[in-house]
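Remarks on the structure that follows.
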Amino acid sequence: MRPMNMEGELLKHVFRRPVTVLYPHEPTRTAAGLRGRPHIDMAKCIGCGICSQGCPSRALEMEGRKAEATLRIHLDRCLFCGQCQRSCPQEAIELTKEYELATAERDQLVLEFDRGRKET
Amino acid sequence: MPEQQPSLDDSFIIPIGPQHPALKEFEYFELRVDGEEIIDVSVRLGYNHRGIEKAIESRTYTQNLYLIERICGICSHAHTTCYCQAIEELLGVTIPDRARYIRTIVAELERIHSHLLWLGIAAHEIGFDTLFMYIWADREIVMDLLELISGNRVNYAMNTIGGVTRDMSPELLDNIREGIAKLESRARFYKDLCVEEGSVMQRVVGVGVLQPEDALHLCAVGPTLRACGIANDLRKDDPYAAYDAVSFNVITYDGCDVASRMFVRIDELIESVRVIDQCLHCMPPGPHKVKVVRKVPSGEVVSRVEAPRGELIHYARSNGTDQPERYKVRAPTLANMPALRKMLVGGYIADVPIVIAGIDPCFGCLDRMSLVDVKTGRNWIWSSDQLRRHSLTWRQQA
Amino acid sequence: MATAGMIIRVVILPGILLLCVLAFLCEWLDRKFVARLQKRHGPLYTGPAGILQPLADFVKLLAKEDIESTEADKPLFRITPVLLLALPLAGLFFIPIATVTGLAYFEGDLILVLFVFTLLVITIFYAGWGSADRFSIVGVMRSTIQMLAYEVPLNLALIGPALAARSLSISEIVQWQSANGRWLILSQPLGFAVALISLMSELELTPFDIPEAETEIVAGWQTEFSGRKLALIRLGEDMDLVLASSLLVALYLGGPDGPVPGLGLLWFLIKAVVVVFLFSNLRAVFARFRIDQMVNWCWKYLVPAAIGQIILTELLLA
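Protein chains in written order, with this note's numbering: chain A, 1 to 120; chain B, 1 to 398; chain C, 1 to 318.
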């Protein structure tokens, strides 16, 4: 038995940088395939509704059908699971790397994707 | 389990729970003590019940993937693997080989993650906060690897019915090799440290003893069972995913106490590194999933996997639609509960946190509802119709 | 005029105000050093390098709701936090911090300071007992048993310097060390180690934080205290840390004695910081003992070591 076994390791770290990341003053490490905010390319969307039916938490809503369809994503319900990205036959949905999505107002958490206009 | 009537002697009761710093989730252990020694334990479960089995019945099979993933934060991949295996069997599909290997790699990485997390929590429970901080700093390595593979640090969404959702690129395989080499050296360092550190060993050796006959009689599973010298591991007894193609050892220790459980988990961590190495080496090329139909033909299936905590059982019944008719989950922690009760009696209050932590409890997986008649000790489970009828009559009477 | 000077000395320097500043400083040092050992930052944002964090915690606790359960024994519950702050302060008046003598001194004040430690444990017992809470009762039982284990080696070890200096007054021991130009730690290292470990047990630092084991009995005897009472208890704990390190500095490290005379407070601070670092380092590197293991270990190892030190000292003096 060697008591105070960890002492060497401890003293080694006193003068090194701590492992804590001082977020938000320092950026965190993120991976390339991070599942963040969903983005829909409306040029490719055909309004089939497969994404909306398959969403586990009913976060994706489709209003209208086919060419006039408007899509709405409720970020407070979204699990960022990526099922919409996988089930879209036109590969129009992509989960970007944006993860800093907190807002102060609840209604800012709804993303609207409309044909003709840019997303709001 | 049947709850004993409190006896009318004047022994002192210490409530561990439902909220307690020793427990990471809520359950209630009522300790009857005499000084520091525990005379009796009364366990009450059910504080974490979320109605998941009922919720599964009203979602499609694809939507259920994500619900089942969230039964537990640490064993999430084990739950989805079990689910996907069950549904794939009902559908009669075979998943591609590459998918089997990717499932195995993620499962073993999750086992490493779970055991590292457990080691940190065990250190915290015996008051060794420094070791806890160091281990959890190393846990970042495996969480970063899982983020590279799946896009998220927990709840990986890697499994889908018919295979896995993402493929692995060659440089990802190199990253994994680097990461697990580092993890293996850190695991060995922690094992040597724990063995040599007197204050740690005296808190875990001889504590929470469970004899092998009791372990078998009370149906303990996982590292709790393997620490009593019994070599039961579902990856060897009933191989699934790619476990029949890799070679590894089933780790057992003979001590039957918390120290043995600690060493079983650290050694399993090192074994997982070897399994991942072999999988990376012989990963076959090919597709990573196959397409499946939406409606699952009628049938019943039982599926088992070796989660980090022990044997996990899922039962599914389908009726030809795209939603399951009935789904049942038996988590390994529930199987370890009677054994836990046996381990606590006769110990000290100071041992309670480390003994409870010793079975690696995951109360989130644990709670499924069952009813107990306190007077007769009979217990049974209601079907959803009975529950609905009871709630309607209760509502009308109120 | 003498009274005005005395009031300034008692209240400000080196009196209560200085001691409170020292208490917060020691807590900050302890937290920062332990954090660095654990690869963390420690307090960071309140004040430069987080130095105002203990003060911020104290002020925050003062502003919080003070809940008293109906079952609690009101007089005990209310008086004990005040006593837990007042007793270490009283003990600190006898220890030379900035001047060669304490604020007060008499032959035998070492025994008084040792008695303050015992009184502290008795006050803790009343605090937990008056809380009328299961976890508190278990905590104070453990605290009392712990006292039975560390009290004897502590007293034995601290008699060593008194034997060497032939006096039971802390101020005289300090003066003896500066007169002889030799610190007592050099001739009684074993006694220093025993005193250090026993004081860790008195301060309830890991591995001896058994009475307040967070994972076992929530917060032990402190469970029911909140708001102002908890603020006083925490300040009392920091003051206890200052008392323990000051006692060790005075008895073994020469007190406010240093190469340049006149800067007594500065030398004292440097030595006290070293002792606090020793406490913090030992606190970070062990797991918690169980109460039966702790009593066993103390009686098997600490008491013989203390007795051995006394025998050695006597042989050296003879």
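C-beta atoms are modelled at their ideal positions from N, C-alpha and C, and glycine is treated no differently.
Secondary structure of residue i, DSSP reduced to three states
i, result
"residue 5 of chain B", "Its pLDDT being 49, under 50, residue 5 of chain B is placed unreliably by the model, and the measurement read from it follows with that caveat. Residue 5 of chain B falls in the coil class under three-state DSSP."
"residue 67 of chain B", "helix"
"residue 300 of chain B", "strand"
"residue 97 of chain A", "coil"
"residue 307 of chain C", "helix"
"residue 328 of chain B", "strand"
"residue 30 of chain B", "strand"
"residue 158 of chain B", "coil"
"residue 36 of chain B", "coil"
"residue 118 of chain A", "Residue confidence for residue 118 of chain A is low, a pLDDT of 47 falling below 50, so the modelled location carries little weight; the figure read from the coordinates is stated next. Of the three classes helix, strand and coil, the one that applies to residue 118 of chain A here is coil, per DSSP."
"residue 26 of chain A", "coil"
"residue 70 of chain A", "strand"
"residue 211 of chain C", "helix"
"residue 307 of chain B", "strand"
Environment of residue i [buried if 16+ CB atoms lie within 10 Å]
i, result
"residue 171 of chain C", "buried"
"residue 5 of chain B", "Legend: pLDDT at residue 5 of chain B = 49, less than 50; position of this residue unreliable, no value from coordinates given."
"residue 394 of chain B", "exposed"
"residue 6 of chain C", "exposed"
"residue 266 of chain C", "exposed"
"residue 107 of chain A", "exposed"
"residue 209 of chain C", "buried"
"residue 222 of chain C", "buried"
"residue 8 of chain B", "Note on residue 8 of chain B: pLDDT 48, under 50, position unreliable in the model; the coordinate value appears next. Answer is exposed; the Cβ neighbour count stays below 16."
"residue 288 of chain B", "buried"
"residue 22 of chain B", "buried"
Supposed contact pair residue j and residue i - C-beta distance, whole angstroms, cut 8 Å
i, j, result
"residue 187 of chain B", "residue 269 of chain B", "5 Å"
"residue 252 of chain B", "residue 339 of chain B", "Their Cβ separation, rounded to whole angstroms, is 16 Å, which puts residue 252 of chain B and residue 339 of chain B out of contact at 8 Å."
"residue 310 of chain C", "residue 160 of chain C", "6 Å"
"residue 145 of chain B", "residue 109 of chain B", "6 Å"
"residue 271 of chain C", "residue 251 of chain C", "Residue 271 of chain C to residue 251 of chain C, Cβ: 11 Å. No contact."
"residue 203 of chain C", "residue 244 of chain C", "6 Å"
"residue 199 of chain C", "residue 248 of chain C", "7 Å"
"residue 349 of chain B", "residue 33 of chain B", "6 Å"
"residue 94 of chain C", "residue 113 of chain C", "6 Å"
Rounded C-alpha distance that separates residue i from residue j
i, j, result
"residue 219 of chain B", "residue 36 of chain C", "45 Å"
"residue 163 of chain C", "residue 110 of chain C", "12 Å"
"residue 179 of chain B", "residue 272 of chain B", "13 Å"
"residue 343 of chain B", "residue 20 of chain B", "19 Å"
"residue 117 of chain B", "residue 80 of chain A", "24 Å"
"residue 3 of chain B", "residue 198 of chain B", "At residue 3 of chain B the pLDDT is 48, less than 50, meaning the model places this residue with poor confidence; the figure from the coordinates comes in the next sentence. Distance between the alpha carbons of residue 3 of chain B and residue 198 of chain B is about 39 Å."
"residue 113 of chain B", "residue 138 of chain B", "10 Å"
"residue 70 of chain A", "residue 58 of chain B", "27 Å"
"residue 35 of chain A", "residue 91 of chain A", "16 Å"
"residue 13 of chain A", "residue 153 of chain B", "26 Å"
"residue 2 of chain A", "residue 68 of chain C", "46 Å"
"residue 43 of chain B", "residue 267 of chain B", "31 Å"
Residue-level contact to chain A via CB, residue i, 9 Å cutoff
i, result
"residue 188 of chain B", "no"
"residue 38 of chain C", "yes"
"residue 44 of chain C", "yes"
"residue 285 of chain C", "yes"
"residue 178 of chain B", "no"
"residue 67 of chain B", "yes"
"residue 296 of chain C", "no"
"residue 336 of chain B", "no"
"residue 90 of chain B", "no"
"residue 183 of chain B", "no"
Test: residue i CB closer than 9 Å to a CB of chain B
i, result
"residue 15 of chain A", "no"
"residue 9 of chain A", "yes"
"residue 210 of chain C", "yes"
"residue 217 of chain C", "yes"
"residue 108 of chain A", "no"
"residue 291 of chain C", "yes"
"residue 89 of chain A", "no"
"residue 34 of chain C", "yes"
Interface flag, residue i vs chain C, CB-CB below 9 Å
i, result
"residue 129 of chain B", "yes"
"residue 47 of chain B", "no"
"residue 205 of chain B", "no"
"residue 315 of chain B", "no"
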